[in-house]
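In what follows, a structure is listed as structure tokens, so that the remarks can point back to it.
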Amino acid sequence: MTDEFMNIQILDARYQILRVLNVQEVVQTYLVQDAMLPGSEFVIKHLHPSGDHLQESAILRESFADEAKKLKQLGREYDQIQNLVNYFEDHPDFYLVQEYIVGNNLSSEILLGTPLAEEQVIDILSEVLEILVFVHDQGIIHQNIKPTNIIRRESDQKLVLVDFGSVQEVVTTIIGSLEYVPLEQLRGDPQYNSDIYALGLVAIAALIGLTANEISRLQNQKSLLTGEIIWRNKNQKISKELAKIIDKMVRFDYCKRYQSVTEVLNDIYELKNHKYTQRKHHQQKGWLILVGIVTFISKYSALHLS
């Protein structure tokens with residue numbers, strides 16, 4: 001499909017395609033302009049049903065609408081979740097019209113061979129976990145957490161969660177990016193803590209400086225005894241406290257992982273408070289040493305002057 005053709009194509013008699021953002025076998029992503037809202041830009045996900053689903057169009061249509069309504073409500077109620085503006089069908093395909101978030105995703109911050117500071121990773125974890133508390137409370141599993149689906153919004157630098165996998169899976173049977181997907185999700189049985197697993201891998205990628213390809217290789221480097229991912233030796237500067245939290249996030253057996261995002265968040269908050277207390281203690285200690293030195297110099301000077 002040529003760029004010239006894309007520039008004149010109109011979807012649902014109102015959305016003009018400006019450019020193609022991404023092309024996969026069953027999902028295409030476009031940047032579009034809405035003719036009914038001049039100057040506005042949105043992102044459209046164009047979903048092609050898999051062969052198995054084509055024979056169940058009535059059921060598929062109903063399931064798609066149900067999931068889309070849930071996502072639409074999420075974006076309305078939480079500022080750090082991408083808004084689903086509209087959705088429609090053009091048989092046999094389905095379309096999601098989403099808010100266009102101006103900013104950069106985390107893959108632009110997580111660079112190969114360049115680990116992020118531990119404090120930065122802790123901040124990322126706490127912010128995304130806070131969003132997931134709300135998402136899971138609504139009975140929804142994201143199913144597609146990865147660096148490219150976490151955008152740092154340009155206007156306020158807040159993280160925004162985008163591209164939920166639940167509605168896409170209904171249509172395409174895609175189960176997320178394999179690099180970040182746990183075994184139970186691959187088997188078609190996603191759990192709430194499947195999102196915790198994926199976010200744990202995002203944290204590992206950030207702490208070590210790994211792209212999706214390297215994360216995929218890392219997942220193949222597992223302990224023969226426990227089956228767990230071996231990653232701590234890649235960055236010796238990571239604190240034992242944070243490493244322990246991440247280890248529990250990415251347990252192979254979901255029954256041994258954190259069972260809720262609230263549990264993870266509580267441990268992250270405790271770690272942040274501990275680090276803050278340590279920093280404050282070191283600052284106070286440094287200040288006391290400085291005061292002691294100044295006092296000594298003053299007394300020494302006074303003694304010699306007299």
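107 is the number that the UniProt record's numbering gives to position 107 of the sequence shown; each next residue is one higher, with no gaps.
We put the CB at the ideal spot given by N, CA and C, even for glycine.
For V102, no beta strand (DSSP E) run applies, since DSSP gives it neither H nor E. By the Cβ criterion, the stretch 177-185 is not in contact with the stretch 95-112, since fewer than three pairs of Cβ atoms, one from each stretch, lie closer than 8 Å. A distance below 8 Å between beta-carbons, with the five flanking residues on each side excluded, links D93 to the following residues of its chain, in chain order: H46, L47, H48 and P49.
Between the stretch 108-123 and the stretch 226-240, the count of Cβ pairs shorter than 8 Å is three or higher; the stretches touch. For F88, the enclosing beta strand (DSSP E) starts and ends at L84 to D90. Three or more beta-carbon pairs separated by less than 8 Å link the stretch 146-156 to the stretch 201-216, which places the two stretches in contact. Here DSSP, grouped into helix, strand and coil, assigns K45 to strand. Taking the Cα positions, K72 is about 11 Å away from V167. By the 16-neighbour rule on beta-carbons within 10 angstroms, M249 is buried. Nearest Cα to Y95 within the set T172, Y269 and Q138: T172. The secondary-structure analysis by DSSP pairs R19 across a beta bridge with L31.
As the crow flies, the alpha-carbon of L265 is around 7 Å from that of E130. As a beta-bridge residue in DSSP terms, V160 pairs with I151. Its Cα nearest to that of Y15, the residue F42 stands out among V27, F42 and V26. In this structure L210 does not touch L199 by the C-beta definition: roughly 15 Å separates them, more than the 8 Å allowed. By the beta-carbon neighbour count (other beta carbons within 10 angstroms, threshold 16), I230 is exposed. S194 counts as buried, since no fewer than 16 other beta carbons sit within 10 angstroms of its beta carbon.
For S166, the enclosing alpha helix (DSSP H) has its first and last residue at G165 to T172. Taking each of E67, L84, T114 and H91 in turn and checking the Cα distance to E169, the smallest one comes out for E67. In this structure, the beta-carbon distance from G75 to R153 does not fall below 9 Å. Counting C-beta atoms within 10 angstroms of its own C-beta, R251 has 16 or more neighbours from the protein chains shown and is therefore classed as buried.
Taking 4 residues as the shortest admissible run, the stretch 166-229 contains the following complete alpha helix (DSSP H) segments, listed from N- to C-terminal end: 183-186, 192-208 and 212-219.
Taking the CA atoms as reference points, Y269 sits about 11 Å from E127.
One Cα belongs to D253, the other to L11, and the distance between them is close to 44 Å. Between Q80 and V160 a beta carbon distance of about 5 Å is seen, short of the 8 Å cut, so the two are scored as contacting. In the three-state scheme derived from DSSP, where H, G and I count as helix and E and B as strand, D253 is classed as coil.
Per DSSP, K234 lies in no alpha helix (DSSP H) and is assigned neither H nor E.
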